[in-house]
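First the structure, in the form of structure tokens, and then the observations on it.
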Amino acid sequence: MQIRVYYEDTDTGGVVYHSNYLNFCERARSEAFFRVGLTPVLQNGHFVARRVEADYISSAKLGDMLQVKTKFLEMRAASFKLSQSIYRDEKKIFELHITLAYINFEGNPQKITKNVEELIASLFTS
Numbered sequence: 000m001q002i003r004v005y006y007e008d009t010d011t012g013g014v015v016y017h018s019n020y021l022n023f024c025e026r027a028r029s030e031a032f033f034r035v036g037l038t039p040v041l042q043n044g045h046f047v048a049r050r051v052e053a054d055y056i057s058s059a060k061l062g063d064m065l066q067v068k069t070k071f072l073e074m075r076a077a078s079f080k081l082s083q084s085i086y087r088d089e090k091k092i093f094e095l096h097i098t099l100a101y102i103n104f105e106g107n108p109q110k111i112t113k114n115v116e117e118l119i120a121s122l123f124t125s
């Protein structure tokens, strides 16, 4: 998914504020659902970040065009893992490893159904 860096994404020096890289990755995950006519909020639950490991390699700046690439890593009973990388041109500038837990609307973890597992695999496996 392509993202342009806007003024609102940057600090006073025109450099992307560190938390916005997480927002860009979240936007790319949501967009995967939107492309197939869904949202990340499903009938029985939704996903929340359980674990995040971020590597800030290089800074993006105001006006840059960025590409967010998402790769499926692992499915577990109530969570799954993704790797997301942000590129400026062909250079990787940020990498995220995230575990997303599937919870019901009361906030309790729940087993990922076969249907949801298949959906996740289709959205994030190239």
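Positions 0 to 125 (numbering that gives the first Met the number 0) are the ones given, in order, by the sequence shown. Where a beta carbon is used, it is the ideal one built from N, C-alpha and C, also for glycine.
With distances taken from CA atoms, which of the options is nearest residue i?
i      : options                      : result
Glu25  : Val4, Ile97, Ser58           : Ile97
Lys113 : Leu61, Val14, Asn43, Tyr6    : Asn43
Met74  : Thr9, Thr124, Ser18, Thr11   : Thr124
Leu72  : His45, Ser18, Ser121         : Ser121
Gln1   : Asp54, Gly106, Gly62         : Gly62
Arg49  : Leu118, Leu95, Thr9          : Leu95
Val14  : Ile119, Gln66, Tyr55, Gln109 : Tyr55
Val67  : Tyr101, Gln109, Ser29        : Ser29
Thr11  : Ala53, Phe32, Lys60, Glu52   : Lys60
Thr69  : Leu21, Tyr16, Glu7, Tyr5     : Leu21
Using a 10 Å radius around the Cβ and a threshold of 16 neighbouring Cβ atoms, would you call residue i buried or exposed?
i      : result
Phe79  : buried
Ala76  : exposed
Arg3   : exposed
Ile85  : buried
Leu37  : exposed
Val115 : buried
Asp8   : buried
Phe93  : buried
With respect to the alpha helix (DSSP H) encompassing residue i, which residues constitute its N-terminal and C-terminal limits?
i      : result
Ile2   : Per DSSP, Ile2 belongs to no alpha helix (DSSP H); it is in the beta strand (DSSP E), 1-3.
Phe104 : That residue, Phe104, is in no alpha helix (DSSP H); it is neither H nor E in DSSP.
Glu116 : 113-123
Report, in whole angstroms, the separation of the C-beta atoms of residue i and residue j, which I expect to be a contact under 8 angstroms.
i      : j      : result
Gln109 : Ile102 : 6 angstroms
Could you pull out every unbroken beta strand (DSSP E) segment of at least 3 residues lying fully inside the region 25-59, listed in chain order? Runs found: 45-55.
Output the residue ranges of the beta strand (DSSP E) runs that lie fully inside the region 58-89 and measure 3 residues or longer, sorted by chain position. DSSP assignment within the region 58-89 yields the following whole beta strand (DSSP E) runs of 3 residues or more, N-terminal first: 64-74, 78-87.
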